[in-house]
Structure formats: C-alpha cells, structure tokens
Amino acid sequence: MSVFITETHATGYTLSTDPAQLDVTVIHRWLSEESYWARHIPRATLERAIANSLNFGLYTPDGQQAGFARVVTDRATFAWLCDVFVLPAFRGLGLSKWLVRQVLAHPDLQNLRRHLLATFDAHTLYQRFGYEPLDRPDRWLEIKHHNPYPAPPTT
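So for the sequence shown, my numbering puts the first residue at -4; every next one is plus one.
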C-alpha cells in the first residue's frame, strides 16, 4: 500500500498521488476530447485505469486540476508512464518538467528494471529524464487495437 505524496512547486502548484483529489471529469474531458492517444475513451474505462494505477494529479494554487500523469506499474520491476498532460491554460510554467521529475522520483518507482512510455511529439521532454529509444526494438511485440474507443454515434 502506497503512502500518498504531496509536493509543492515554487509557483504554488501542487502535485498529489491521492486519487481522491483527482477531478476525473476534467481528466476525462481532456483525454477523450483533446489527446491523440485516448480520443473517445469511455469514462468507465478511464475510472478503471485510474483505480489500477499510480496517479499524479497536478493542481493550481486554488486546487483546480491543471494536469495529470498515470503510471501502470507493479511497483517492483516495471513502470509505464502514460496519460501525461498539462492543460493549455497552465503551460509555460515548467510544470510538465516538474511533473515528470516528481513521477520519476516517487519511492515506489525506484530501482525498477524498466520504465517505458510512448509519445508522438514530446521526445525532447522525456529524453532529458533519461528516456531513449528502445535498445532492442526487435524484442518487443504488441497487440494493437486500432480505434479501441470509436466516436460515439451521432443522433
């Protein structure tokens, strides 16, 4: 069982691993409407993902959800960083770098055999933290489901 961690940035923004603080409505809206990787994700699917992950909520000084990151992990050997975002209104303050730094510093994510992530356009952000292309991509396989969350029917 993990202890919830709260950290405060110099700007007054806070980060917490307490899932009770998450504004799932804001997170779901951004992931389902704005992200390229989880477009149309059903809220129930996101809620199940959050319930089974180590979550990092990023909050404004007045407590609004400003960003999010989720780690799928066994907390012993493997971690997959995913669903990372800072809402557009809160970008430009160094919060994405701080968020990733705090994720990687979490005590449950130390001394793991492997940390993974996938990104379309944020390679430079993650490379500054030690992420690099797969050393042996020929060893990795995947089952990929194209369009797992189809757009809801229009009425």
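Backbone N, C-alpha and C define an ideal beta-carbon position, used for all residues, glycine too. Note that the structure is a prediction, hence the values are computed from the model and not measured.
Identified DSSP bridge partners for residue i
i	result
R65	N50 and C77
T9	T3 and Y54
L112	L76
Q97	For Q97, which the question treats as bridged, DSSP gives no partner whatsoever.
Q60	Y54
Extent of the continuous beta strand (DSSP E) run through residue i
i	result
E2	T1 to T3
Cut-off 6 Å between Cβ atoms - residues of its own chain near residue i, not counting five sequence neighbours on either side
i	result
S11	T1 and G52
A74	V66, T68, L104, L107 and H110
V21	Q60
Length of the line joining the Cα atoms of residue i and residue j
i	j	result
Q60	L49	17 Å
T149	T3	43 Å
L107	R70	8 Å
R123	I138	29 Å
W135	T114	16 Å
A146	A44	19 Å
R96	P143	30 Å
A84	T55	11 Å
G87	Y31	21 Å
D13	L94	15 Å
G125	G89	18 Å
C77	Y121	12 Å
D130	A100	23 Å
H141	D133	21 Å
Terminal residues of the alpha helix (DSSP H) in which residue i lies
i	result
R86	That residue, R86, is in no alpha helix (DSSP H); it is neither H nor E in DSSP.
H140	Unbroken run through H140: none, as it is neither H nor E.
Y121	H118 to Q122
H35	No alpha helix (DSSP H) holds H35; DSSP gives it neither H nor E.
S27	V19 to E28
Rounded Cβ spacing between residue i and residue j (contact assumed at less than 8 Å)
i	j	result
S91	V81	5 Å
Same chain only: Cβ atoms within 7 Å of residue i, ignoring 5 sequence neighbours per side
i	result
W25	F80 and L82
I36	L26, S27 and Y144
Sequence-distant residues of its chain with Cβ nearer than 8 Å to residue i (five each side left out)
i	result
D103	S(-3), L49, T68 and R70
L17	I45, N50, G52, Q60 and F63
L41	V19, I22, H23, L26, S27 and A33
N47	V67
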